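All residue numbers in the sequence shown are consecutive under the UniProt record's numbering, ending with 315.
Encoded as structure tokens, the structure appears first; notes follow it.
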Amino acid sequence: MAMALAERVSFCATNLNTADRLVASLDSIDVLGRAVGVPYEVVVADGPSTDGARELLEDRQRQRADFRLVRHAERRRGAGRRLAFEASSGSVIAPFDTSITYAAAYGGLLRAYLQLRTDRMLFSEICALSRRSIEEVGGWRDLIGAEDIDLYGPLIERFGLIAWPVAFPESQSARMGAYARQMRYVQGSSVRRLLRMYATQRDQIIGGNYRVRDLMGLNAAKPATRRAALRVWFTLAAIGAGLRPIHPRKSGRNNYLILREAILGSLLRGEHKSLAWNGPLPRLLLTPDEIGYLRGASSIWGEVEAQDPPIYGIK
């Protein structure tokens, strides 16, 4: 039975110390919101920003009835995602990153996705998920890192995915790297930064449902000395993961592999053609390390490599 057309789309984000990028990102989300064809709202959960971002968000909330700010003191991305989701009201949720200025063309993709009236997740530069699917798998958990893949893995296994990966330069140019995103959440000495990176790696193991050998497989091309150091690092992080009260959502595959095979499988089946969007041909960008890992771990990689034109590219 088909879902009803979404009554509202909620663009939800967690934020901390992005004053230099925040306004451009939110303005780009407004462009997408005006294109989706249904009412929309923007919900941002801001941790204890100290660079002026909180004031920018408060000013926007005063000016806009469709903008909601959630103030909190947590420094965990998963907590921010969860709080923004809980404060939202849309039947479709579009998580976004306040360090990215999104290309206007994604508004057409989101509009086309809404017309499908599906619980399947949309995967692209900006993703979209039904509220029902998020609630049924338990929502975002209070993780420091890998909070999205922690949700996406079980959600995809239960509800499926439709993929149209395409990266417009105007979106990519404003992307903040994973290390920079995490360092927004910590201030002080190099020891505190190291502890933050350890906690992030620990939670990536939980959120990704990784074993140490999975992580080593993703780093197989590294020099031997680097791999030896990484093995120690990953092992220590795995020990810490085992001591946390939050445990991996168990599956026969890690969540990275679930997500990548779902994306590539969707492209192999041509499911993007069901979306009435005149966008560029979809292509998933992968690093050489990811390609090496998928070549050994993915049951569909042979089909992927046989595709012409190719459905993946190298970052």
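Glycine is no exception: its CB is placed at the ideal position from the N, C-alpha and C atoms.
Bear in mind the structure is a predicted one, so any value in this text is a computation, not a measurement.
*Just mark Asn15 as buried or exposed, buried being the case when its beta carbon has 16 or more other beta carbons within 10 Å.*
buried
*Identify the continuous beta strand (DSSP E) that holds Asp46 and give its terminal residues.*
40-46
_Give me the DSSP bridge partner(s) of Ser10._
Glu41, Ile93
*asked:* Going by DSSP in three states, Asn219 sits in which element: helix, strand or coil?
replied: coil
*Based on the DSSP secondary-structure assignment, which residues constitute the bridge partners of Ile162?*
Leu122
*What is the rounded straight-line gap between the Cα of Ser251 and the Cα of Arg64?*
42 Å
*Out of Gln115, Leu195, Ala104, point me to the one whose CA is closest to residue 320's CA.*
One cannot answer for residue 320 here, as it falls past the ends of the chain, which runs 1 to 315.
_Let me make sure I understand the geometry here. Which of Pro165, Phe11, Ala53 has the alpha-carbon closest to that of Ala35?_
Phe11
*Touch check for the region 281-297 and the region 194-202: three-plus C-beta pairs under 8 Å?*
no
_Cβ neighbours of Met1 in the same chain (closer than 8 Å, five flanking residues each side left out)_ = Residue placement at Met1 cannot be trusted, given a pLDDT of 46 that sits under 50; the coordinates are not used to answer.
*Entirely within the region 197-252 and at least 4 residues each: give me those alpha helix (DSSP H) ranges in chain order.*
212-217, 224-243
*asked:* Below 8 Å on the Cβ atoms is my contact criterion, and I expect Ala146 with Asp97 to pass it. Report the Cβ-Cβ distance as a whole number of Å.
replied: Going by Cβ atoms, the distance from Ala146 to Asp97 rounds to 14 Å, so no, they are not a contact pair.
_Using only CA atoms, which one of Ser190, Ala237, Arg192 lies nearest to Arg213?_
Ala237
*Is Trp140 close to chain D, meaning its C-beta is less than 8 Å from at least one C-beta of that chain?*
Among the protein chains of the structure shown there is no chain D, as only one such chain exists.
*Pull up the CB-CB distance for Ile311 and Leu264, whole angstroms please, since I reckon it's below 8 Å.*
7 Å
_Exposure of Val304, with buried meaning 16 or more beta-carbon neighbours within 10 Å_ = buried
*Can you give the Cα-Cα distance for Phe234 and Asp30, rounded to whole angstroms?*
40 Å
*Take Gly279 and list the residues in its own chain whose beta-carbon comes closer than 8 Å to its own, dropping the five residues that flank it on each side.*
Ala105, Gly108, Leu109, Trp164, Val166
*Select from Met121, Pro154, Leu284 the residue whose C-alpha is nearest the C-alpha of Ile162.*
Met121
*For my contact list, Ser89 and Arg8 are in at a C-beta cut-off of 8 Å; report their separation, rounded to the angstrom.*
6 Å
*For Val70, the three-state DSSP class (helix, strand or coil)*: strand
*Are Leu143 and Ile246 closer than 8 Å when you measure CB to CB?*
yes
_Alpha-carbon to alpha-carbon, Asn209 and Pro248_ = 5 Å
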